[in-house]
Amino acid sequence: MDATTFRNPANHGFTRVAVAVPRNRVADPAFNAEQTIALYQAAAAEGASLVVFPELGLTGYSCDDLFHQQALQRAAEAALLRVAEATQGLDTLALVGLPLRVDHSLFNCAAVLQRGQVLGIVPKTYLPNYGEFYEARQFNPAANAQSTEVTIGPQRVPFGNDLLFAATDQPLLQLHVEICEDLWVPIPPSSHAALAGATVLANLSASNVTIGKAGYRRALVMQQAARCQAAYLYSSAGTGESTTDLAWDGQSLISECGELLKESERFLTDSHWISADVDLERIANERQRQNSFGHQTAQLRQQINHFRRVPFQVGTSALTGPLRRRVERFPYVPADASRRDERCQEVYDIQVQGLAQRIASSGIGKLVIGISGGLDSTQALLVCARAMDLLGRPRSDILAYTMPGFATSGRTLDQALRLMAAIGCQAEQIDIRPSCEQMLRDIGHPYARGEKVYDISFENVQAGERTSHLFRLANQHHGIVVGTGDLSELALGWCTYGVGDHMSHYNVNASVPKTLIKHLVRWVAESGHIGTDGSAVLHAILETEVSPELVPSGGVDEQPAQSTEASIGPYALHDFFLYYTLRFGFSPSKVAYLAWTAWHDSQAGRWPEGPLVEHKQYTLGEIRQHLRTFVYRFFQTSQFKRSCVPNAPKVGSGGSLSPRGDWRAPSDATAAVWLRELEEVPEQ
């Protein structure tokens, strides 16, 4: 695809939606129609597929008994036709509210308009008649309707709360409409509509404001979006409604699968609207993945088979420009400091609980762990220490070993020794070079003959010797080996299979990605939990290049000679690719688009705070290059290592590669399908 096609959000499963709150005048439909039209046209000009307006917005919600006046009813219908006329030639749907008399009964309705036509009318299902609400005085509930069609101007259109509006040219877009109180009941109509296929749920609401109500509305909207695996759009009445007894804040919300995409300011005095790009592919994938969604569809078939589908077409050519939703650069690491620290606490609690349970249930006496002076083993040792504290066991029951090899730098060796001292575990140093040299002689490796050959065998002899030592030490001391390898390394296969860092008795880090481990270590360093000296060494570890330290540099090794990221690419991008591949099953082209959105401009969006995060940016060509590495390693070369990983606690919804958990795949699959699609991504 060309660059223009690639940068169009619609080509990656997104549709733009809007929620609008016009300034209104009570009982003045002509004025309200013009305010509605102005917001509608603004949203349509920016590519919105639909715009949701407030409940009874063409008349005002607070008309009370004026709703029974014929003059107001006729003016409302005339206003509806005026708004419909304004949609002539436009693909954007307008969802507007009005009172409508049908079969001698008055209904609180939502009308769906497009291209000069009324596509359908949806009456409110549940009428509140408690507290400040008296809707049953003026209106009938949807269940009282006799007709399934109604005449609006020259049109005969569908009428009922059983309508789904289905886009024929965007199959994943199916719209259901409900009105205010419909959301507040135990089983909203939108729940059945979602099971019937609706992916976008719209609520035309009025909803006066009282203390604390805004938070409750937000929670309702987000919960319904989460439970229905859908987008939920919510509008409420604002300035202009009668304040005889009530007040109005004009709160508007857009949520997707429980995530809040956009919320308006409240108590604005002018007309306003918000928009966001909803990911229809994400919604479809979530429903596919969560097969209990399908199970309930089968169980409630009788309740959902009655829905009638109203076809329409929505164009996508106008949907250009930047994606209207935040795409975090670090999906595993919240940018907000308080949320990030809260996550760090929870990750530690999960890791510690998992290890403590394993210690208690196995009856083992000691924890055996290798300490390199790098990030992963540091995090694992911190977890070991907290697990022993939780169990009331001395930290001396942690047997920690640092095992320098041919390429161990002075920096990392010093850090390992200082860290073990700060933790208060038993600490020993074992030089693995003699045993490695023996192994190299035994296998006839050129290094044993004095040649500087640093191949994969040379590297893995060292990794294997370290692990072999740890297992035999565990046998000797009645302990278990605690693994240190992280989720990012498992995804890329960046570990030595079998007798190497791949293996342990229990791995506390297996579902924690590298980008998050940095912040976990930072969190402990800043908390001061292990004292001033401990915090100092943690900060030093955080500033150290990530390296396997298996190939000597030939110089004075005060710094690691190897760079992992120089070999396989930046972990920041690989963790991004992993999250959207593993959690959502997105294609390489979509992952590339999201990565480009998040990473192409270092000045845009939010970054996690602190000196640990380098503000980098990547071109589309660089993203494509690193994504190719990820796709090939993840799908083609690394699964055999993941098929037999040790036990480990699952930490996050976006990450477990255990064959007993989130990820099962054949070890001999090919990456050809993913690589071919990646070829469709432009170079720039």
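Whatever position you read off the sequence shown (first residue = 1), add 15 for the numbering used here. Virtual Cβ for every residue (Gly too), placed ideally from N, Cα, C.
- Apart from sequence neighbours up to five positions away, the residues of its chain that approach Ile532 with a beta-carbon distance below 8 angstroms are Leu390, Asp391, Gln394, Asp501, Asn524, ordered along the chain.
- Going by C-alpha positions, Lys529 is about 12 angstroms away from Trp509.
- By DSSP's assignment, Lys381 forms a beta bridge with Gly494.
- Asn218 carries a strand assignment under DSSP once its states are collapsed to helix, strand and coil.
- Gly667 sits buried, since 16 or more C-beta atoms from the chains shown fall within 10 Å of its C-beta.
- Taken atom to atom, the span from the alpha-carbon of Ala262 to that of His83 is near 23 angstroms.
- With a cutoff of 8 angstroms on beta-carbon distance, Glu196 and Leu142 are scored as near each other.
- Secondary structure at Trp288: strand, using DSSP grouped into helix, strand and coil.
- With a 10 Å radius around the Cβ and a threshold of 16 neighbouring Cβ atoms, Val688 comes out exposed.
- Within the segment 177–261, the runs of alpha helix (DSSP H) that reach at least 4 residues and sit entirely inside it are, in chain order, 204–210, 228–243.
- Within a 10 Å sphere around the beta-carbon of Ser250 sit 16 or more other beta-carbons, which makes this residue buried.
- Around Asp446, the same chain offers Pro419 as residues with beta carbons nearer than 7 angstroms, after the five sequence neighbours per side are excluded.
- Per the coordinates, the alpha-carbon of Ala63 lies some 10 angstroms from the alpha-carbon of Val329.
- DSSP places Lys605 inside the alpha helix (DSSP H), whose first and last residues are 603–614.
- The beta carbon of Gly676 sits closer than 6 angstroms to the beta carbons of Lys665 from its chain, once the five residues preceding and following it are set aside; these are given in chain order.
- By the Cβ test, the segment 205–214 is in contact with the segment 188–195, since at least three Cβ pairs between them sit closer than 8 angstroms.
- Beta-bridge partners of Ile136 (DSSP): Ala126, Phe174.
- The distance from the Cβ of Val383 to that of Leu414 is about 5 angstroms, consistent with a contact at the 8 angstroms cut-off.
- Pairwise C-beta distances place the segment 576–585 out of contact with the segment 657–664, as fewer than three of them are shorter than 8 angstroms.
- Using a Cβ-Cβ distance cut-off of 8 angstroms, the segment 31–38 and the segment 265–273 are in contact, since at least three pairs of beta carbons, one from each stretch, lie closer than that value.
- Between the C-alpha atoms of Leu642 and Met454 there is a straight-line separation of about 37 angstroms.
- Under the DSSP definition of a beta bridge, Pro528 lacks any partner.
- Between the segment 613–632 and the segment 677–697, the count of Cβ pairs shorter than 8 angstroms is below three; the stretches do not touch.
- If you draw a straight line from the Cα of Gln303 to the Cα of Asp292, it is about 21 angstroms long.
- Minimum Cα-Cα distance from Arg340 among the listed residues Gly625, Phe649, Gln441, Thr612 corresponds to Thr612.
- Around the CB of Thr140, 16 or more other CB atoms lie within 10 Å, so the residue is classed as buried.
- Excluding the 5 residues flanking it on each side, Val606 has same chain C-beta neighbours closer than 7 angstroms at Phe592, Tyr595, Thr596, Leu642, in chain order.
- Ala99 places its beta carbon 8 angstroms or farther from that of Val127.
- A residue is called buried once 16 or more other Cβ atoms fall within 10 Å of its Cβ, and Gln318, having fewer, is exposed.
- Cβ-Cβ separation between Arg323 and Pro173: approximately 6 angstroms, consistent with a contact (criterion under 8 angstroms).
- As for any alpha helix (DSSP H) of minimum length 4 sitting wholly inside the segment 430–482, the runs are 448–457, ordered along the chain.
- In this structure, the beta-carbon distance from Ile136 to Leu105 does not fall below 8 angstroms.
- Here Asp590 is not near Ser526, since their CB atoms are 8 angstroms or more apart.
- With contacts defined by Cβ atoms closer than 8 angstroms, Ala42 and Leu73 do not form a contacting pair.
- Counting C-beta atoms within 10 angstroms of its own C-beta, Pro409 has fewer than 16 neighbours from the protein chains shown and is therefore classed as exposed.
- A straight-line Cα-Cα distance of about 12 angstroms links Asp457 and Arg464.
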